[in-house]
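**Q**
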Amino acid sequence: MEPVYYTVKTINGDYAYMTSDSGVENQVAMFLLPEGTDVGSRLLWEEFTWSLV
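One point on numbering: in our numbering, the residue at position 6 of the sequence shown is 5, and numbering is uninterrupted.
1) Thinking just about the alpha-carbon of each residue, which of Leu-51, Ala-28, Ser-50 and Val-38 is nearest to the one in Tyr-14?
2) In or out: Leu-32 buried (at least 16 other Cβ within 10 Å) or exposed?
3) Going by other Cβ atoms of all chains shown within 10 Å of its Cβ, with 16 needed for buried, is Val-7 buried or exposed?
4) Report the residue from Met-0, Pro-2 and Met-17 whose alpha carbon sits nearest the alpha carbon of Asp-37.
5) How is Met-29 classed by DSSP in three states: helix, strand or coil?
Listed below in structure tokens is the structure:
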């Protein structure tokens with residue numbers, strides 16, 4: 000599985016709305032994301048885990 004980089008665009012309640020570098024939009028529950036994730040955060044999705052970049 001290829002690594003995918005995302006940028007968090009907005010947070011609405013329990014969900015973060017983000018866009019990948021290739022333009023794919025995604026929403027993810029905040030409890031699945033690393034602590035400290037906020038609007039503008041860069042995230043890496045790799046091997047079924049999220050990490051802050």
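Even for Gly, the Cβ is constructed at its ideal location relative to N, Cα and C. Keep in mind it's a predicted model, so treat the numbers as computed, not measured.
**A** Quick answer:
1) Checking every option, the nearest Cα to that of Tyr-14 belongs to Ala-28.
2) It is buried - the Cβ of Leu-32 has at least 16 other Cβ atoms within 10 Å.
3) Flag for Val-7 reads buried.
4) The option with the nearest alpha carbon to Asp-37 is Met-17.
5) Of the three classes helix, strand and coil, the one that applies to Met-29 here is helix, per DSSP.
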